[in-house]
Amino acid sequence: MKFLKNVFSQLHSFLLWALVSFLVWSWVFAFATDAPAAQKVTVYCNVPALEDTALAAKLEENLPQGLKMIQVRSFDYVMFDTGTIDKGDLFILPQSAIDEYDGQFTPIVGQEGTLIYDPETGQGAAKSYILYGDEPYYLFLGAGSVHLDDGLAEEIAQLLLALS
Amino acid sequence: MTGQIIELYSDADVARLEGRVKRWTIGLWALAVGALAACIAMAAMAGTETAKRLELLSIAVSTGAGWIVIYGGVFVVAAGRRELRHIQMLRTEERVRQEGSPALTGQRVRIQKSITARRVELRDRGPVRQVMVCESKAKALEKAGASAVYTTHGYVAAYEVTP
Chain A
1 MKFLKNVFSQ LHSFLLWALV SFLVWSWVFA FATDAPAAQK VTVYCNVPAL EDTALAAKLE
61 ENLPQGLKMI QVRSFDYVMF DTGTIDKGDL FILPQSAIDE YDGQFTPIVG QEGTLIYDPE
121 TGQGAAKSYI LYGDEPYYLF LGAGSVHLDD GLAEEIAQLL LALS
Chain B
165 MTGQIIELYS DADVARLEGR VKRWTIGLWA LAVGALAACI AMAAMAGTET AKRLELLSIA
225 VSTGAGWIVI YGGVFVVAAG RRELRHIQML RTEERVRQEG SPALTGQRVR IQKSITARRV
285 ELRDRGPVRQ VMVCESKAKA LEKAGASAVY TTHGYVAAYE VTP
């Protein structure tokens with residue numbers, strides 16, 4: 001009883017500490033598990049569901065020289081920070097969203113990007129990690145990617161396309 | 165007639181309280197430093213696959229340890245230090261003898277930046293008067309069967325037992 005009374009009398013401190021703890025360690029981990037743009041390739045996926053961590057870990061198994069990490073992000077990240085879309089290296093987009101981001105991408109092959117999922121045949125890349133919707137999905141290189149010249153963005157794109 | 169005067173806080177009580185405050189202070193510092201070191205180690209070890217799990221674990225460790233430190237810091241260490249300051253005041257400042265058998269009232273008084281005290285009524289000898297006693301010693305005082313108390317600034321510092 002006394003314990004509970006004490007806890008309630010300091011409830012504001014406990015709640016404040018929980019918030020501080022969450023913010024501090026979220027920031028520390030975001031910082032600790034990040035790398036400069038030149039040492040990472042970021043893949044943004046506009047898909048219904050995504051196993052981002054598992055996909056990133058799989059792609060990192062064959063990490064090309066010069067890269068420290070692969071980041072796989074849901075498109076929710078772009079919604080929170082529209083600046084990130086300029087810095088993304090690879091984008092997986094459904095047919096219906098391409099016009100919305102027209103001008104942001106450099107297609108790998110042709111003007112429409114590389115088909116990564118075909119709903120008619122059900123064939124698609126990295127299907128163990130990505131749940132696609134009912135329309136075609138395309139893979140694009142980001143127009144603002146720092147890995148266009150060194151070929152690393154395209155190399156990761158090929159790794160991604162080769163995944164089952 | 166004067167009976168035996170018994171200090172409310174014996175030297176052993178003071179030593180026990182000082183030891184408790186010291187042990188808790190060391191323990192809480194160790195917990196805080198240990199939790200911080202563990203969280204830093206987890207952040208340093210985090211890889212792509214383990215980052216989310218370790219981040220959640222770090223938040224849980226840091227939050228849990230922080231709660232223990234807050235609780236212990238406020239209710240054991242700070243409260244103990246306040247009680248030691250109170251004892252110091254009882255032992256060094258002028259005392260007044262007041263006759264009457266102490267009986268606890270239900271009233272608790274939380275004094276800002278000091279102890280939590282209980283109101284005590286002195287009965288049996290003339291008009292009823294009120295004094296205060298530190299909560300941790302309230303029951304001991306009531307059970308002692310004192311016939312008079314010695315107060316410092318209205319707080320019981322010692323009591324008198326008539327054989």
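These protein sequence lines map, in sequence, to chains A and B.
For the first sequence, position 35 matches number 35 in this note's numbering, and the numbering has no gaps at all.
For the second sequence, position 18 matches number 182 in this note's numbering, and the numbering has no gaps at all.
The beta-carbon is built from N, C-alpha and C at its ideal position, and this holds for glycine as well.
Query                                                                                                            : Result
Nearest residue (CA-CA) to residue 186(B), options 217(B), 212(B), 241(B), 228(B)                                : 241(B)
Rounded separation between residue 182(B) and residue 297(B) - CA only                                           : 19 Å
Length of the line joining the Cα atoms of residue 210(B) and residue 95(A)                                      : 36 Å
Cβ-Cβ separation, residue 295(B) to residue 320(B) (assumed contact under 8 Å), whole Å                          : 6 Å
Reduced DSSP category for residue 247(B) - H, G, I as helix; E, B as strand; rest coil                           : helix
Reduced DSSP category for residue 235(B) - H, G, I as helix; E, B as strand; rest coil                           : helix
Residues that residue 22(A) contacts on chain B, provided the C-beta gap is smaller than 7 Å                     : 223
Contacting residues, own chain, Cβ-Cβ under 8 Å from residue 101(A) (five flanking each side not counted)        : 85, 91, 93
Cα-Cα separation, residue 167(B) to residue 313(B)                                                               : 11 Å
Whole-angstrom distance between residue 306(B) and residue 264(B), CA atom to CA atom                            : 12 Å
Check whether residue 71(A) and residue 47(A) have beta carbons under 8 Å apart                                  : no
Selection from 284(B), 219(B), 213(B) that minimises the alpha carbon distance to residue 205(B)                 : 219(B)
Length at least 3, wholly inside the segment 34-72 of chain A: the beta strand (DSSP E) runs in chain order      : 40-45
Chain A contact for residue 247(B) (CB, 8 Å cutoff)                                                              : no
Rounded distance between the beta-carbons of residue 208(B) and residue 29(A), thought under 8 Å                 : Going by Cβ atoms, the distance from residue 29(A) to residue 208(B) rounds to 11 Å, so no, they are not a contact pair.
Rounded straight-line distance, which links the Cα of residue 252(B) to that of residue 13(A)                    : 30 Å
Given 8 Å, three or more beta-carbon pairs between the segment 47-59 of chain A and the segment 14-34 of chain A : no
Selection from 249(B), 258(B), 278(B), 262(B) that minimises the alpha carbon distance to residue 284(B)         : 262(B)
Environment of residue 36(A) [buried if 16+ CB atoms lie within 10 Å]                                            : exposed
8 Å Cβ cutoff, residue 111(A) in contact with chain B                                                            : With a pLDDT of only 49 at residue 111(A), under the threshold of 50, the placement of this residue in the model should not be trusted, and no figure is reported.
Nearest-angstrom Cα separation, counted from residue 144(A) out to residue 123(A)                                : 29 Å
Residue environment, residue 152(A), which counts as buried when at least 16 other CB atoms sit within 10 Å      : buried
Partner residues on chain A for residue 298(B), Cβ-Cβ distance less than 8 Å                                     : What residue 298(B) touches in chain A: nothing, since even the nearest Cβ is about 16 Å away.
CA-to-CA distance, residue 226(B) to residue 26(A), given in whole angstroms                                     : 12 Å
C-alpha distance - residue 237(B) paired with residue 34(A), whole-angstrom precision                            : 36 Å
As assigned by DSSP and simplified to three states, the class of residue 158(A)                                  : helix
Where residue 234(B) meets chain A, residues with beta-carbon distance less than 9 Å                             : 10, 13, 14, 17
Residues that residue 180(A) bridges to, as DSSP identifies them                                                 : No statement about residue 180(A) is possible, as the shown extent of chain A runs from 1 to 164 and does not include it.
Option in 302(B), 229(B), 223(B) with minimal Cα separation from residue 273(B)                                  : 302(B)
Collapsed DSSP secondary structure at residue 110(B) in the structure displayed                                  : Given that chain B is displayed from residue 165 to residue 327, the structure contains no residue 110(B) and the question cannot be resolved.
Helix, strand or coil at residue 230(B) according to DSSP, with G and I counted as helix                         : helix
Proximal residues to residue 288(B) (C-beta, below 6 Å), its chain only, five neighbours per side dropped        : 264, 265
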